[in-house]
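To keep things clear, I will list the structure first and then write my remarks on it.
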Amino acid sequence: MTKSPAGSLTVVGLGPGHPEQVTPEAAAAVAAAGDFFGYFPYLDRLSLRADQRRHASDNREELARAKAALDMAATGGKVCIVSGGDPGVFAMAAAVCEAIEEGPPSWRDVDLSVVPGVTAMLAVAAKAGAPLGHDFCAISLSTNLKPWSIIEKRITAAAEAGFVMSFYNPVSRARPHQLGEAFDLLRRYLPGSVPVIFGRAAGRPDECIRIVSLAEAASDMADMATCIIVGSTDTRLIERAGKKTLVYSPRSYKGGSA
Ligand SMILES: C[S@@+](CC[C@H](N)C(=O)[O-])C[C@H]1O[C@@H](n2cnc3c(N)ncnc32)[C@H](O)[C@@H]1O
Numbered sequence: 001m002t003k004s005p006a007g008s009l010t011v012v013g014l015g016p017g018h019p020e021q022v023t024p025e026a027a028a029a030v031a032a033a034g035d036f037f038g039y040f041p042y043l044d045r046l047s048l049r050a051d052q053r054r055h056a057s058d059n060r061e062e063l064a065r066a067k068a069a070l071d072m073a074a075t076g077g078k079v080c081i082v083s084g085g086d087p088g089v090f091a092m093a094a095a096v097c098e099a100i101e102e103g104p105p106s107w108r109d110v111d112l113s114v115v116p117g118v119t120a121m122l123a124v125a126a127k128a129g130a131p132l133g134h135d136f137c138a139i140s141l142s143t144n145l146k147p148w149s150i151i152e153k154r155i156t157a158a159a160e161a162g163f164v165m166s167f168y169n170p171v172s173r174a175r176p177h178q179l180g181e182a183f184d185l186l187r188r189y190l191p192g193s194v195p196v197i198f199g200r201a202a203g204r205p206d207e208c209i210r211i212v213s214l215a216e217a218a219s220d221m222a223d224m225a226t227c228i229i230v231g232s233t234d235t236r237l238i239e240r241a242g243k244k245t246l247v248y249s250p251r252s253y254k255g256g257s258a
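With the first letter of the sequence shown counted as 1, position 114 gets the number 114 in our numbering; the numbers rise by one all the way through.
This is the structure:
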């Protein structure tokens, strides 16, 4: 029996939601594929041709989605999985790698490529000025895939080390309390004056960017479409008459060598 030729699987990042933040590389990857797997709101962002097929699934079915896409690609399909933002940031590229690691040898023959996208924290940061201008980290607050004790440990370590933090997956109906606990934890290590940016639906028509102090920050200021940037003690505000306040983290520290 002859082995069927392996096809291709492209994992594409569609950016935060603004059509102009879809890269030309992502648009070309979409044009080249025949079958599309993804969470349905991301598939809804595509204008597919009559010869292109969509296979929508729910948010929590990432591994099953990756396996179904690899199965189709392994038998010769030109398959695409779409993610919001960047596919490597808390998204489908890692699910695909996990499936390949655990799956049948034929999945390793698939021609795999990952096409980057503008991740949420970059879209939010750009709206506020330059809060990620110096060292920063990104933490998912979701406990679907890791325990809360690890999240607390990472938030504490990041606050003590002076990192600006971006929080993804800040709250959900099943996890209404954790963001408040994260702010309480941060207030033990950082002054209440530290700026906090709530960036909701960045790049979409319902975008909302709100800047408050850590002392004021509360969990009901966020939902699952929000990415939160918590400044460091060096992050500052620049007020401008008639224009939006800028938030920025300076690139240099006193004592840094030239
Ligand atoms: C499962 S993660 C996926 C992240 C995505 N891969 C990325 O790179 O932006 C979903 C989280 O990303 C953040 N997010 C995604 N799109 C966003 C947007 N347009 N504005 C603000 N936050 C967004 C929210 O924190 C949301 O809960």
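C-beta atoms are modelled at their ideal positions from N, C-alpha and C, and glycine is treated no differently.
Quick one: what does DSSP say residue i is sitting in, helix, strand or coil?
{"i": "Lys127", "result": "helix"}
{"i": "Pro195", "result": "strand"}
{"i": "Gly203", "result": "coil"}
{"i": "Lys244", "result": "strand"}
{"i": "Met121", "result": "helix"}
{"i": "Tyr39", "result": "strand"}
Using the Cβ count rule (16 or more neighbours within 10 Å means buried), how would you classify residue i?
{"i": "Ile151", "result": "buried"}
{"i": "Ser193", "result": "exposed"}
{"i": "Lys67", "result": "buried"}
{"i": "Asp206", "result": "exposed"}
{"i": "Val89", "result": "buried"}
{"i": "Phe40", "result": "exposed"}
{"i": "Arg60", "result": "exposed"}
{"i": "Ala120", "result": "buried"}
{"i": "Ser242", "result": "Per the sequence presented here, residue 242 reads as Gly, with Ser not at that position. When all chains shown are included, Gly242 counts as exposed."}
{"i": "Asn144", "result": "exposed"}
{"i": "Arg200", "result": "buried"}
{"i": "Gly15", "result": "buried"}
{"i": "Pro105", "result": "exposed"}
{"i": "Gly256", "result": "exposed"}
{"i": "Thr262", "result": "Here the chain has residues from 1 to 258 only, and residue 262 is not among them."}
{"i": "Ala157", "result": "exposed"}
Just the Cα atoms here: how many angstroms apart are residue i and residue j?
{"i": "Ala138", "j": "Asp109", "result": "32 Å"}
{"i": "Ala69", "j": "Ile81", "result": "7 Å"}
{"i": "Ser166", "j": "Pro250", "result": "17 Å"}
{"i": "Glu239", "j": "Ile209", "result": "16 Å"}
{"i": "His177", "j": "Gly76", "result": "46 Å"}
{"i": "His134", "j": "Ser252", "result": "8 Å"}
{"i": "Pro147", "j": "Val11", "result": "27 Å"}
{"i": "Gly13", "j": "Ala56", "result": "16 Å"}
{"i": "Val5", "j": "Asp111", "result": "Reading off the sequence, residue 5 comes out as Pro, not Val. One C-alpha to the other measures close to 11 Å."}
{"i": "Ser8", "j": "Asp51", "result": "17 Å"}
{"i": "Arg335", "j": "Ala217", "result": "Summary: the structure shown does not reach residue 335, with the chain confined to residues 1 through 258, and so no result is reported for it."}
{"i": "Arg188", "j": "Leu214", "result": "11 Å"}
{"i": "Thr23", "j": "Asp86", "result": "11 Å"}
{"i": "Ser47", "j": "Ser232", "result": "41 Å"}
{"i": "Glu160", "j": "Phe183", "result": "14 Å"}
{"i": "Ala128", "j": "Leu122", "result": "10 Å"}
{"i": "Glu98", "j": "Leu132", "result": "30 Å"}
{"i": "Asp316", "j": "Ser140", "result": "Because the chain is modelled from 1 through 258, residue 316 falls outside the range shown and cannot be assessed."}
Taking C-alpha atoms, which residue in the options lies nearest to residue i?
{"i": "Ala74", "options": "Asp184, Ile100 and Gly84", "result": "Ile100"}
{"i": "Gly203", "options": "Leu214, Ala182 and Ala225", "result": "Ala225"}
{"i": "Ile211", "options": "Ala26, Gly34, Ala32 and Val247", "result": "Val247"}
{"i": "Gly84", "options": "Gly231, Leu48, His18 and Asn144", "result": "His18"}
{"i": "Val268", "options": "Asp58, Glu102, Arg53 and Leu63", "result": "Only positions 1 to 258 of the chain appear in this structure, which leaves residue 268 out of reach."}
{"i": "Glu62", "options": "Tyr42, Gly34 and Val96", "result": "Val96"}
{"i": "Asp71", "options": "Asp35, Ala123 and Val171", "result": "Asp35"}
{"i": "Asp58", "options": "Ala26, Met92 and Ala27", "result": "Met92"}
{"i": "Pro116", "options": "Thr235, Ile228, Ala27 and Ile229", "result": "Ala27"}
{"i": "Asp223", "options": "Ser142, Phe163, Ala32 and Gly38", "result": "Ser142"}
{"i": "Ala32", "options": "Asn169, Asp44 and Ser113", "result": "Ser113"}
{"i": "Thr235", "options": "Pro191, Arg154, Met221 and Ser140", "result": "Pro191"}
Taking 8 Å as the threshold (beta carbon to beta carbon), is residue i in contact with chain C?
{"i": "Leu185", "result": "Any reference to chain C falls outside this structure, which holds one protein chain only."}
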